[in-house]
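Q: Just so you know, the sequence shown maps onto residues 637 to 830 in the numbering used here. Cβ coordinates follow ideal geometry from the N, Cα and C atoms, glycine included. Sharing a structure below in structure tokens format, with a few things to ask.
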Amino acid sequence: MPITPGRVAWYVTGRFYLDQQGQLQDLGYFLHLEGVQGSPFNPGAPGAVSEASARFTFRSEPFQSEPITNGNVAIGLDTRGEFSVYFNPEGGGDFGNPDSFSRGTRVAVFRRTSVVMGQTLSSPILGGFAFATNVFSAELVDSAPFVLDGEPYDLRDLLPDGVTQWGTMNADPLATFPPFTRIAAFTGSAVAAG
Numbered sequence: 637m638p639i640t641p642g643r644v645a646w647y648v649t650g651r652f653y654l655d656q657q658g659q660l661q662d663l664g665y666f667l668h669l670e671g672v673q674g675s676p677f678n679p680g681a682p683g684a685v686s687e688a689s690a691r692f693t694f695r696s697e698p699f700q701s702e703p704i705t706n707g708n709v710a711i712g713l714d715t716r717g718e719f720s721v722y723f724n725p726e727g728g729g730d731f732g733n734p735d736s737f738s739r740g741t742r743v744a745v746f747r748r749t750s751v752v753m754g755q756t757l758s759s760p761i762l763g764g765f766a767f768a769t770n771v772f773s774a775e776l777v778d779s780a781p782f783v784l785d786g787e788p789y790d791l792r793d794l795l796p797d798g799v800t801q802w803g804t805m806n807a808d809p810l811a812t813f814p815p816f817t818r819i820a821a822f823t824g825s826a827v828a829a830g
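Structure, rendered in structure tokens:
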């Protein structure tokens, strides 16, 4: 049964990765997926509620962001692109290994329907807190059925018209590793489109 338009569809958390060529990607895991009754986490995996036990992960295709500045607000316009949702009953995500978020069975592909606008607000105090927000809509372009705890699901049944998601990012970067020059953590909340 489809999620009613305007109702919460999911909550996610993840990280943005910027590489040396200026390509971005985002990846992470689902904290909640409306309409799916089983736990989004494998209770037998290490880190009971974390990326290591997450059964549902996502990863975007690499994309570029066009920077625009308006005073002390940094704006980024991201091109249209796709991200995939994966189902891995065992879990096993690791932010030190981005490929771990695209393991398992790909159960959905979403395509952003327009340019994504993100904005970063920084403190005027040196070393002060900075945060960023963004919003995008995405249509579901492909899905595959999966079974969780004996129940069959298909995201085409739950989100036939896609989602609109709002994200918040801590713009203070995390430690990096090659080939990435910047990594930052974020959360996202999506509602069903309709």
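1) Do T823 and T804 count as a contact pair if the criterion is CB distance below 8 Å?
2) Under a three-way DSSP split, which group does D778 fall into?
3) Could you spell out where the alpha helix (DSSP H) holding L794 opens and where it closes?
4) Under 8 Å by Cβ, that's how I've got L669 and F692 pegged, so tell me the actual separation to the nearest angstrom.
5) Ignoring anything shorter than 3 residues or poking outside the segment 650-732, list the beta strand (DSSP E) runs there in chain order.
6) Given that a residue counts as buried once 16 or more other Cβ atoms are within 10 Å of its Cβ, and exposed if not, what is F813?
7) Whose C-beta lies closer than 6 Å to the C-beta of Y647 among residues of the same chain, with five residues either side of it excluded?
8) Measuring only from the beta carbon, is T817 closer than 7 Å to any heavy atom that is part of the ligand SAH?
9) Anyone know if the C-beta pair for A688 and G729 falls short of 8 Å?
A: Result, derived from the coordinates:
1) yes
2) strand
3) 791-794
4) Indeed they touch by this definition, with Cβ atoms about 6 Å apart.
5) 660-669, 692-696, 701-706, 709-714, 718-723
6) exposed
7) L667, H668, S825
8) As presented, the structure is devoid of all ligands, the ligand SAH included, so that no description of it is given.
9) yes
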